[in-house]
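Remarks on the structure that follows.
There are 2 protein chains.
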Amino acid sequence: MKALQKRIGITQDTLAQSLTERFIFGEEALDGLMPSTRILAEEYGVSRLFLREVLAGLQRQGLIETFPGKGIYVRKPSMLNAARNVHTTIRQSTATARDLIEARGNLEEQCAALAAERATTEDIAQMEFALKALDDANGLIPMAQADIAFHSLLAKSTHNPVLQIMFGSITTLAFDTMLRSLSDPEIYKEGAPLHYTILKAVKNRDGLAARKAMSKHIHLAEDSYKNDLDCELREIAQRIVKDVLQSSLSIEEILSSALKDYSVDLGQS
Amino acid sequence: MKALQKRIGITQDTLAQSLTERFIFGEEALDGLMPSTRILAEEYGVSRLFLREVLAGLQRQGLIETFPGKGIYVRKPSMLNAARNVHTTIRQSTATARDLIEARGNLEEQCAALAAERATTEDIAQMEFALKALDDANGLIPMAQADIAFHSLLAKSTHNPVLQIMFGSITTLAFDTMLRSLSDPEIYKEGAPLHYTILKAVKNRDGLAARKAMSKHIHLAEDSYKNDLDCELREIAQRIVKDVLQSSLSIEEILSSALKDYSVDLGQS
DNA sequence: CCTATCTGACTTGTCAGATAGGTGTTGGTG
DNA sequence: CACCAACACCTATCTGACAAGTCAGATAGG
């Protein structure tokens, strides 16, 4: 009987929502440490196991982090968390490389234009650093890491969190396409100088030039795809995992370390 | 000892990834029914509880759905799932209404332009239906439902899954702003005809006109915000929940039912 | 008095076993 | 043939327990 009342009254979703509202958005999130599972379970009148499953959901969402022996901590927002679901949904859909490039092109053009208006000197210095690293990089993965870092820094330079998060949500997939573009030396030689054109336009506060250079850059990547342009992203993602990185590292980890190395904190500013 | 082996060998994340790769993307997802928890737990050499927590994570991610007495079913991709994490991340950030409108404007302009190129007669019929419903609607919520449906149908008409999912990922927040815009009768009277201007441009296959009309429409919404333009979205979201819907229904449910009513299946086409 | 160590009270992580309640099938009865 | 009851599955959840990590404070030794 008791169990029935609970199931009707408190579902996992409602509890998750309640906890989120309270500790993620509410005021009790300030110190970042949540009460222990025993206390929370008693407070909401559910068993510790039930609560644990809800917490597992929040953890998978990237909202909290648990440490054995210490407690449950509220996690700072990260756009890679936002990315995960979008990435999965896109991979489940019938989206092709063409679809991705089309969407990404428009978004990045806007980012470039706005970055030209708003980039700080520090933003520009970071982008210069990333481009230098891209020139010096050896190997496909370090190159792709520097490349994605530059584009992410451009998004960061808009100082618009929504744009940053939207860009972040397709970063993983964009990374896949970069691994592919960079593996073609001819395409790379043609596309690399455009990075500097973009940066120069940003320095000159010339939004239109930045937008145009970005447009050219993206559509160059489009050309490199050739026949695979209408290949579904799910296939490309699978192929990348098999061919490029036989390593134990996942795409997500490689990306995450790149963004950390180049100190891109999307969604935090 | 056994427990130790498990903890080292299989973490929740690796198991989640393995299950996703197998049942969401793999071939075993075809029928959509997963093996029972007992079988899966035995297969991976973990306890049922451990498996359940992983499944709770996948369920919260919207990848699976469990039915007591029936089993675990793979869920079709829905862009509202993709939306949840993005929505949460944006609400955690310092994003303001201005940031959202800026990002949304650019995205929707692209959608309008592409819809003009690609909308089918069925797409157009659906949009007409939504606009008619918007005219006839009584009350704030039905109006906002018809409004968001029209914009979603426009995104659907691009026939680009990536754009659809990107638009979907900010739908929840866009819905909040609509609830606000529609509550101002003056703004509504000025903005409503623009819907028809957009649709007309789509019918005429005039991408540029569609883009311009959408731009005007979005920036009109911008004006309606006035002082709240630099108000953080987290505050707006909280206010909406308190003021507009004291009801037990959540924003997510209202949105979801609207998209179902107007048969918007983003990310499925 | 200071420091190093150890104990105990926390924490999360995990498990086995039991019960409740839903769903669909199967076989027997009218 | 139709109906219905028993049964075999399923998920959902709880109880109670134990392992293992962490940290603060007490305690013993220098």
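Protein chains in written order, with the numbering used here: chain E, 1 to 269; chain C, 1001 to 1269.
Each residue gets a CB set at the ideal place from its N, CA and C atoms; glycine is no exception.
- Annotated three-state conformation of C:Leu1063 is coil, per DSSP.
- At a cut-off of 8 Å between C-beta atoms, E:Glu102 counts as an interface residue with respect to chain C.
- By the criterion of a C-beta distance shorter than 7 Å, E:Arg211 is surrounded in its chain by Glu109, Ala112 and Ala113, once the five residues flanking it on both sides are discounted.
- Within the same chain, Cβ atoms closer than 8 Å to the Cβ of C:Asp1206 are found at Ala1116, the five residues on either side in sequence being excluded.
- A Cβ-Cβ separation of about 6 Å places C:Arg1075 in contact with C:Gly1062 under the 8 Å criterion.
- Rounded to the nearest whole angstrom, the CA to CA distance from E:Asp223 to E:Gly57 is 41 Å.
- Scanning chain E for C-beta atoms nearer than 8 Å to the C-beta of C:Ala1016 yields Arg60, reported in chain order.
- Neighbours of E:Gly71 in chain C, taken as residues whose beta carbon is under 7 Å from its own, are absent, since the nearest beta carbon is some 18 Å off.
- A check of alpha carbon separations from E:Ala144 across E:Leu15, E:Lys156, E:Thr14 and E:Ser257 identifies E:Ser257 as the nearest.
- For the alpha helix (DSSP H) assignment, the uninterrupted runs of no fewer than 4 residues enclosed by the region 1126-1170 of chain C are, from N- to C-terminal side, 1140-1156 and 1161-1169.
- At a beta-carbon threshold of 8 Å, the residues of chain E lying near C:Leu1063 are Thr88, ordered along the chain.
- Under the 10 Å beta carbon count, C:Ile1039 is surrounded by fewer than 16 other beta carbons and is classified as exposed.
- Counted as a single uninterrupted DSSP element, the stretch harbouring E:Tyr262 is not any alpha helix (DSSP H), since DSSP gives it neither H nor E.
- If you draw a straight line from the Cα of E:Ile101 to the Cα of C:Lys1226, it comes to about 35 Å.
- In terms of beta-carbon proximity, C:Arg1091 lines the interface with chain E, with at least one pair separated by less than 8 Å.
- Sorting C:Lys1242, C:Arg1098, C:Met1034 and C:Gln1059 by C-alpha distance to the C-alpha of C:Lys1070 places C:Met1034 at the top.
- Annotation: the continuous beta strand (DSSP E) that includes C:Ile1072 extends over Gly1071 to Val1074.
- Secondary structure within the region 190-267 of chain E: the alpha helix (DSSP H) runs of 4 or more consecutive residues, fully enclosed, are 207-225, 233-243 and 251-261 (chain order).
- Contact fails between the region 82-102 of chain E and the region 189-198 of chain E, because fewer than three Cβ pairs, one in each stretch, are under 8 Å apart.
- Secondary structure note for E:Ser18: its alpha helix (DSSP H) is the uninterrupted segment Gln12 to Leu19.
- Within chain E, the residues whose beta carbon sits less than 7 Å from that of C:Thr1094 are Pro161, listed in sequence order.
- Bridge pairing for E:Leu33: E:Tyr73 [DSSP].
- Per DSSP, the unbroken alpha helix (DSSP H) holding E:Glu108 starts and ends at Ala97 to Arg118.
- Shown here, E:Thr94 sits in coil according to DSSP, grouped into three states, outside any helix or strand.
- Just so you know, the alpha carbons of E:Arg91 and E:Asp176 end up roughly 12 Å apart.
- E:Arg104 sits away from E:Ala149, with the two beta carbons spaced by 8 Å or more.
- Listed by position along chain C, the residues whose Cβ is nearer than 7 Å to that of E:Ala82 are Asn1085, Val1086 and Thr1089.
- At a cut-off of 8 Å between beta-carbon atoms, C:Arg1234 makes contact with chain E.
- Nearest to C:Met1127 by alpha-carbon distance, out of C:Lys1203, C:Cys1231 and C:Thr1096, is C:Lys1203.
- At the C-beta level, C:Arg1060 and E:Arg60 come within 8 Å of one another.
- Contacts with chain E (Cβ-Cβ distance below 9 Å) from the region 1166-1198 of chain C involve Met1166, Gly1168, Ser1169, Ile1170 and Leu1173, listed in chain order.
- For the region 1111-1130 of chain C, the set of positions with a beta-carbon nearer than 9 Å to some beta-carbon of chain E reads Leu1114 in chain order.
- Only residues of its own chain outside the window of five on either side were considered, and among them Leu140, Ala144, Ile240 and Val244 have a CB closer than 7 Å to the CB of E:Leu179, listed in chain order.
- Taking C:Leu1015 as the centre and dropping the five residues before and after it, the same chain places the C-beta of Val1054 closer than 6 Å to its C-beta, in chain order.
- In this structure, the CA atom of E:Ala209 is about 27 Å from the CA atom of E:Thr172.
- Counting only residues of its own chain and dropping the five nearest sequence neighbours on each side, E:Thr37 has a CB closer than 8 Å to the CB of Arg48, Leu51, Arg52, Leu55 and Ile72.
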